[in-house]
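Read in the numbering used here, the sequence shown has 782 at position 650, and its numbers run on one by one without any break. Accompanying notes for the structure given below.
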Amino acid sequence: MRILYFFIFLFLVASIAFVLKESHPPKLEEEQTLKKHTLENGLTVIIKNTHKIPLVAVQLVVKCGSSTENKFAGCGISHFVEHMIFKGTPTRAVGEIEKQIKSYGGDINGSTSHDSTEFHLIVRKEHLNEALELLVDCIVNPAFDERELEKERQVILNEIRMNRDEPSRRASVLLWENAYFAHPYKYPVIGYEDLFKQIKREDLIEYHKANYIPNNIVLSIVGDIENGSALDAVYDTFGRLPRAVDVRALAPEEPLQMSMRSAEEKIPDLKLSFLLLAFHSTRFADEDLYSLDLLAAALGQGESSRLYRRLVRDEKLAYSVSAFNYTPKDPGLFVIVLTLEDNKIEEALKEVLKELNRVKVRSISRAELKKIKRSTLSGYIYERESIEVQAQDYAMSYALTGDYNFSRRYIEGINSVRAADVSKVARKYLDVNNSTVVKLMPKKEIAVSAKPISKVGKDFDIKKLTLPNGATLLMHEDCSTPVVSMHILFKGGVRVEDEKMNGVSYLTSNMLLKGTKSHTAQWISKEVESRGIILSTYSGNNSLGISLKCLKDEFDFSLSLVKDILSNATFTEDEIAITKEIQLAQIKAQDDDIFATASKTLIKTIFKTHPYKMNYLGTKESINNLKKDDLSKFYRRFVVPDNMVVAVFGDIDIKKMQRKLTRVFSGLRGGKLKEPKVLIEPEQKELRYSIKQMQKEQAVLMVGYPGTDVKNPDKYVLEIINSILTRKGGRIYMDIRERHGLSYTLGSFSALGIDPGYFAFYVATTSENIELVKELLLKQIDLFKKEGPTEEELKLAKADLLGDYFRGLEINSVVGFKVGLDELYGLGYNDIFRYPMIIESITAEDVMNVANKYFVDSNLNVVMVLPILAQNTILKSEAK
133 MRILYFFIFL FLVASIAFVL KESHPPKLEE EQTLKKHTLE NGLTVIIKNT
183 HKIPLVAVQL VVKCGSSTEN KFAGCGISHF VEHMIFKGTP TRAVGEIEKQ
233 IKSYGGDING STSHDSTEFH LIVRKEHLNE ALELLVDCIV NPAFDERELE
283 KERQVILNEI RMNRDEPSRR ASVLLWENAY FAHPYKYPVI GYEDLFKQIK
333 REDLIEYHKA NYIPNNIVLS IVGDIENGSA LDAVYDTFGR LPRAVDVRAL
383 APEEPLQMSM RSAEEKIPDL KLSFLLLAFH STRFADEDLY SLDLLAAALG
433 QGESSRLYRR LVRDEKLAYS VSAFNYTPKD PGLFVIVLTL EDNKIEEALK
483 EVLKELNRVK VRSISRAELK KIKRSTLSGY IYERESIEVQ AQDYAMSYAL
533 TGDYNFSRRY IEGINSVRAA DVSKVARKYL DVNNSTVVKL MPKKEIAVSA
583 KPISKVGKDF DIKKLTLPNG ATLLMHEDCS TPVVSMHILF KGGVRVEDEK
633 MNGVSYLTSN MLLKGTKSHT AQWISKEVES RGIILSTYSG NNSLGISLKC
683 LKDEFDFSLS LVKDILSNAT FTEDEIAITK EIQLAQIKAQ DDDIFATASK
733 TLIKTIFKTH PYKMNYLGTK ESINNLKKDD LSKFYRRFVV PDNMVVAVFG
783 DIDIKKMQRK LTRVFSGLRG GKLKEPKVLI EPEQKELRYS IKQMQKEQAV
833 LMVGYPGTDV KNPDKYVLEI INSILTRKGG RIYMDIRERH GLSYTLGSFS
883 ALGIDPGYFA FYVATTSENI ELVKELLLKQ IDLFKKEGPT EEELKLAKAD
933 LLGDYFRGLE INSVVGFKVG LDELYGLGYN DIFRYPMIIE SITAEDVMNV
983 ANKYFVDSNL NVVMVLPILA QNTILKSEAK
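Below, the structure written as structure tokens:
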């Protein structure tokens, strides 16, 4: 017995035989011997004779599967019934069925899917009548013997456990559970173990009686037969069955997905990780089927496919990649599957999304279209050689589309697809808001003793070295994967800018990769990509830097390139102009984004003198006015050893790495950093309001308070508060979203800096409800200040934060970046390992004190971003 999982094409739509010719598209032969009949009881019969071999294949499809289980949804009852079909009847003892089929020179099997239960039978042609007699007896009269039922229950329980042990099947279950919200496709075909255990014999009998009826069955027969005699045999067996009332209920329609969904699971001892990216697709009977199938072929079928070339051959981010368009009766999924190392998942996902964007905006070439059409169609020819697949094709085609010869239409549909059609369906379906991301990763055990600092610190043994020129080196050895990450960090960012120079840190950081005295920007990008190196820069509020990740055998090259960038970066006018245009486009994109607009408005409302009031991208005016000399001066001032922390984590030898880094970074020259004088933000003493308007349908509310800095221990308590109030199940989350249904998106965060930052709440809602949302939000904040957290809330918040913390320790590049910043900001490289102890020590009283310290009415800042037509109404309301 087998269940068809989505990693296999569930429905093999074999083509009608045709001849491939180099200069012409495939032509279909006429199917003179293919006939459909409907019996008086509603059973559909499809018969085709072919005299190639003296065998007959029979396919019986019952139109019930995991999506039709109704009150038994999630139990796996369809699959259980399938198992019991061959476990004896009133006239055939257990084991006799298999013996009889074997005596007919044949084989029999079954499978269950989302929409159907199928039974496959192949016998010598002279035994067709006896085989049909046996099949109808099994289908209509299963004994459901109690003893056999319990035996088979254990078999299926073992199958469930096996599926949990098999990573690809485990990833499959995780994907379907998260991709579907309402439709029963979300349930595993085999069922959940706890629900499956509850199925009784009476349930099996009830379900079988309701679904195994002739008007819910499609039967196809292909082989060395004559149509008339085969039809007579069907009438003599299945024709005797009475028609029954079809009581099946329609499956609920899956609602439109509005934002990306994600799920991850960690498994001990898993060697390879799985990354699945799925988009809601179409049903089998839909005209977009053909273009989507070809899109899947172009993206991930074969070694010449786009994603294989990009991720496996070029970027070395994955070991395998595949794509397919799964189209059952109701809308299915377009799925991309990668096997890879867990520390490459995020970069691999980024590359997949980039490739999807490419096919959306640029049509595939004629040559590529020709290739994928031929590969898709030739696959059907090869499958078509089997009479078993032909029988399955005819039965399933009719069950799904009402056209038993749908393969003819499929071939025509594939041949009719144009290159522009492939890009069109990519844009229509492969939207990130229509996606589900699933990650299956190794579970790395991190034991935490009663003193978390000592144990975690030992696991992350970090070597620190300060060079004579002031550069700080941090090194950590982890040989679990052959990957090395390096971060070169400098204090800088918005904090050291003024309004005239706003955006210079971000622009300078991007220019670091745009050429040196010895290498052009094009040479750098080509070499980096060809070697599978991930090289990037960043700039934020407090710092800027360079980050890279590479295989360990590429580290020496990467190190020499970084040295060249730090010593010999050039700022050519041509590259500056190009990079400025990109940055100006990013500013425009921010202005189109309602959340970015709200965030920029909030920081301008909270900060009046401190540089944190500015956008890290700068403004159109400031970017246009920046000159080459401005970038060179910034580079010479801040990109110096005395202002530098280098963190190298991964598959390294500490002693050898220390020698390498010392040799490279000791040679860097530069003066001592002169810390800029930063204006102090004066104390806020009154409520501040800001209202913006945009051409949007939704509204966004942000409420902010002046916050704290990275060295203040209050930051840990603010994390607790964030978890209790707005994360899933939190007070504000439950009140505004769940109880009142006023928002889909809400949350809070603490923005920390070298200088005090801010704490903000945000809610997306409608202009009609924004005032009510504000009242509810502020009411919950006031209530929390008065009551503080409950013991259960505090316990859950700590578990929540510690879960995030330990997940964050899994990836070397993430830890290296955090450790490097802590050292740069003066916290010390070991500060991260104090986190569990500090979180566990926080009391309810601490939480209440910090809430009352920061959430002060006179420190309140309220920002509303409203649709244009709603602004006047809100202004009048505020005036009152």
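For each residue, glycine too, the CB sits at the ideal point set by N, CA and C.
query = Between I755 and Q715, is the Cβ-Cβ spacing less than 7 Å?
reply = yes
Backbone secondary structure at F987 - three-state DSSP = coil
Proximal residues to R256 (C-beta, below 7 Å), its chain only, five neighbours per side dropped = P186, L187, Y236, G237, G238
message = Measuring only the C-alpha atoms, how far is S452 from V570?
response = 16 Å
request  = Enumerate in chain order the residues of its own chain whose CB-to-CB distance from Y367 is below 8 Å, with the five nearest sequence positions on each side excluded.
outcome  = L171
query = How would you write the range of the alpha helix (DSSP H) that L266 sits in, first residue to last?
reply = 260-272
Close-in-space but distant-in-sequence residues of the same chain around R863 (CB under 6 Å, 5 per side omitted) = L857, Q912
request  = Would you mind giving the Cβ-Cβ distance between S637 and L676, rounded to the nearest angstrom? I have them listed as a contact below 8 Å.
outcome  = 5 Å
request  = Would you mind sorting A314 into buried or exposed? The rule is 16 or more other CB atoms within 10 Å of its CB.
outcome  = exposed
Assigned exposure category for P743 - 16 Cβ within 10 Å defines buried = buried
query = Can you check whether the CB of L465 is closer than 7 Å to the CB of A395?
reply = no
For R256: DSSP bridge partner residues = L187
query = Can you tell me the Cα-Cα spacing of T711 and A653, whole angstroms?
reply = 12 Å
Alpha carbon of S248 to alpha carbon of I322, nearest angstrom = 13 Å
inquiry  = Quick check on G635: does DSSP put it in helix, strand or coil?
reply    = coil
ask   = What three-state label does DSSP hand Q330 in the structure shown?
value = coil
message = Tell me the rounded alpha-carbon separation between V988 and G839.
response = 11 Å
inquiry  = Please list the terminal residues of the continuous beta strand (DSSP E) segment that includes M573.
reply    = 567-575
ask   = What's the gap between the Cα of F727 and the Cα of K482?
value = 22 Å
key: Whole-angstrom distance between R541 and E500, CA atom to CA atom   = 22 Å
request  = Put E250 into one of helix, strand or coil per three-state DSSP.
outcome  = strand
message = I'd like to know whether the C-beta atoms of A883 and P921 end up nearer to each other than 7 Å.
response = no
ask   = Run through DSSP, which three-state label would H169 get?
value = strand
request  = Classify C611 as buried or exposed, calling it buried when 16 or more other Cβ atoms lie within 10 Å of its own Cβ.
outcome  = exposed
ask   = Thinking C-beta only, is K476 closer than 7 Å to L449?
value = yes
request  = Can you tell me which of E284, N757, K560 puts its alpha carbon nearest to the alpha carbon of K632?
outcome  = N757
key: Nearest-angstrom beta carbon gap, Y837 and F881 [assumed within contact, 8 Å]   = Contact doesn't hold; Cβ gap of about 12 Å is too wide.
task = Would you list the residues sitting across from S675 in a DSSP beta bridge?
result = K623
ask   = Mind pulling the alpha helix (DSSP H) runs of 4 or more residues that sit fully within the stretch 717-776?
value = 726-738, 752-757, 760-770
Cβ pair L253, I271 closer than 7 Å = no
request  = From the DSSP output, in three-state form, read off Q830 for me.
outcome  = coil
task = Output the distance between the C-alpha atoms of I585 and I886, rounded to the nearest integer angstrom.
result = Interpretation of I585 is limited by its pLDDT of 36, a score under 50 that renders its predicted location unreliable; the figure taken from the coordinates is listed afterwards. Taking the straight line joining both Cα atoms gives about 24 Å.
ask   = Which whole-angstrom value is the C-beta distance of G624 and S671, which I expect to be below 8 Å?
value = 7 Å
inquiry  = Output needed for T613: all residues of its chain with C-beta closer than 7 Å, excluding positions within five of it in sequence on either side, in chain order.
reply    = E473, N475, D783
ask   = Where does R627 land, buried or exposed, given buried means 16+ other C-beta within 10 angstroms?
value = buried
request  = Taking H259 as the reference, give the member of A365, S855, L908, V213 with the closest Cα.
outcome  = A365
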